[in-house]
């Protein structure tokens with residue numbers, strides 16, 4: 033968890049914003065919860081649109 | 313006609329510190345010059361590109377090239393030096409892993425131009441001029457090397473025979489490398505000329521590091537009066553020793569400053585920054601997300617701290633090949 037917390041901040045500096053990276057725990061029996069988490073993540077990412085990594089793709093620089 | 317091995321030194325995107333390392337050989341440079349002919353070293357002596365072009369392919373025995381590759385001219389010189397050399401050495405952190413210049417891979421070319429030519433407080437540029445590869449001024453056609461979108465390692469541009477690490481590699485490293493090359497007793501092609509282990513292996517403070525390292529919170533060097541004999545990590549200060557190649561002689565640690573990682577990752581580590589996230593994260597004692605965030609509050613620039621010299625060699629910050 034500590035590593036992922038640090039990684040999340042690091043990823044933001046590379047242009048991978050908060051929300052695109054999630055750490056959670058789902059037990060083998062919690063299929064409902066798994067379905068909710070992954071659906072929510074999918075919807076969130078769709079709303080955020082494609083990745084805009086600064087420096088890599090010239091036509092897609094930060095606003 | 314001299315039969316001594318011919319050596320070249322060249323610089324691409326770098327600060328000049330690597331050249332300083334050659335100069336710092338001091339009287340040892342006489343031993344080097346006695347054993348080899350320096351036939352191309354534009355930083356220190358009056359050589360021109362055409363001197364290099366006039367040489368036969370493979371005429372140079374060894375070329376030490378420092379600096380990362382950002383511009384079209386640097387690409388051209390790297391390619392030319394490759395063709396003229398039997399052995400090409402990526403010399404120093406920038407050539408080997410991108411170094412400080414590659415931190416610019418966290419931003420983009422257009423942002424760099426905006427900052428450098430428009431928004432910097434010391435810039436007066438009312439016409440909004442930016443450098444372009446070709447322009448015409450008063451009927452004269454002017455050309456500038458193109459500024460590429462990303463900073464790359466030398467090995468991303470041409471085939472490299474050996475790498476040497478460090479910002480800069482020490483004069484001892486250089487003297488050792490020249491001796492090794494002259495002896496002909498070389499490691500396999502592609503190897504890093506230097507020890508394989510991490511800096512901790514030779515660090516005098518290593519005995520003060522407990523087996524179960526526990527870091528309550530990250531502290532910066534300005535937050536704490538550093539103890540001269542104690543492992544920096546046990547004092548909560550980020551030291552990249554565990555994920556950095558040995559070979560520097562630990563001058564920073566000797567000067568009571570933690571390792572910032574300029575020798576790049578040791579053997580077996582692919583991504584120095586990711587390895588450090590794993591190492592520090594594993595040693596922290598915070599047990600909730602909130603406690604972790606406050607323990608990390610003083611780590612203001614994780615990417616710049618963990619990838620200070622290896623951005624161009626990292627998984628996320630290297631050049632996207634199709635870009």
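Chains as they are written, first to last, in the numbering used here: chain A, 33 to 95; chain B, 313 to 635. We treat Cβ as the ideally placed atom computed from N, Cα and C, and that holds for glycine. Here the structure is a predicted model, which means the values were calculated and not measured.
Item                                                                                                                                                                              : Value
How is the alpha helix (DSSP H) around residue 388(B) delimited, first residue to last?                                                                                           : 384 to 396
Considering only residues of the same chain and omitting the five flanking positions on each side of residue 611(B), which have a CB-CB separation below 6 Å?                     : 530
Restricting to Cα atoms, I'd like to know which of 444(B), 557(B), 429(B) is closest to residue 437(B).                                                                           : 429(B)
Using the C-alpha atoms, what's the distance from residue 506(B) back to residue 495(B)?                                                                                          : 16 Å
When Cβ atoms are compared, which residues of the region 37 to 66 of chain A fall closer than 7 Å to chain B?                                                                     : 37, 38, 39, 41, 42, 45, 46
Could you tell me whether any Cβ in chain A is nearer than 8 Å to the Cβ of residue 525(B)?                                                                                       : no
May I have the straight-line CA-CA distance separating residue 35(A) from residue 584(B), to the nearest angstrom?                                                                : 15 Å
Against chain A, does residue 614(B) count as a neighbour if the rule is that its beta carbon must be under 8 Å from one of theirs?                                               : yes
Please look up how many angstroms separate the CB atoms of residue 319(B) and residue 350(B), rounded, as I've assumed it's under 8 Å.                                            : 5 Å
With contact counted as at least three CB pairs below 8 Å, one residue from each stretch, are the region 392 to 410 of chain B and the region 470 to 490 of chain B in contact?   : yes
Indicate whether at least one CB of chain B lies closer than 8 Å to the CB of residue 35(A).                                                                                      : yes
Can you list, in chain order, the residues of its chain with a C-beta nearer than 7 Å to that of residue 503(B)? Leave out the 5 residues immediately preceding and following it. : 474
Tell me the start and end of each unbroken alpha helix (DSSP H) in the region 480 to 545 of chain B that is at least 4 residues and wholly inside, in chain order.                : 483 to 495
Along chain A, in chain order, which residues have C-beta atoms closer than 8 Å to that of residue 601(B)?                                                                        : 33, 37
Under DSSP, the beta strand (DSSP E) around residue 454(B) begins and ends at which residues?                                                                                     : 452 to 455
Grab me the residues of residue 360(B)'s own chain with a C-beta within less than 8 Å of its C-beta, minus the 5 sequence neighbours each way, in chain order.                    : 354
Are at least three pairs of beta-carbons, each pair with one atom in the region 365 to 380 of chain B and one in the region 574 to 592 of chain B, less than 8 Å apart?           : no
Can you give me, in chain order, the residues of the region 335 to 352 of chain B that have a beta carbon less than 9 Å from any beta carbon in chain A?                          : none
Is DSSP giving residue 323(B) helix, strand or coil here?                                                                                                                         : strand
Taking 8 Å as the threshold (C-beta atoms), are residue 410(B) and residue 624(B) in contact?                                                                                     : yes
Report all residues from its chain with a CB closer than 8 Å to the CB of residue 89(A); omit the five preceding and five following residues, and keep chain order.               : Note on residue 89(A): pLDDT 47, under 50, position unreliable in the model; the coordinate value appears next. No residues qualify anywhere along the chain.
Look at the alpha carbon of residue 512(B) and the alpha carbon of residue 575(B), and state the distance between them as a whole number of angstroms.                            : 13 Å
In this structure, does DSSP put residue 442(B) in helix, strand or coil?                                                                                                         : coil
Going by C-alpha to C-alpha distance, which of 348(B), 568(B), 445(B) sits closest to residue 537(B)?                                                                             : 568(B)
Is the Cβ of residue 598(B) closer than 8 Å to any Cβ of chain A?                                                                                                                 : yes
Would you kindly work out how many angstroms separate the C-alpha atoms of residue 343(B) and residue 315(B), rounded to a whole number?                                          : 16 Å
In chain order, what residues of the same chain lie with their CB nearer than 7 Å to the CB of residue 363(B), ignoring the 5 residues before and after it?                       : 352
Would you kindly check if the distance between the Cβ of residue 53(A) and the Cβ of residue 43(A) is under 8 Å?                                                                  : yes
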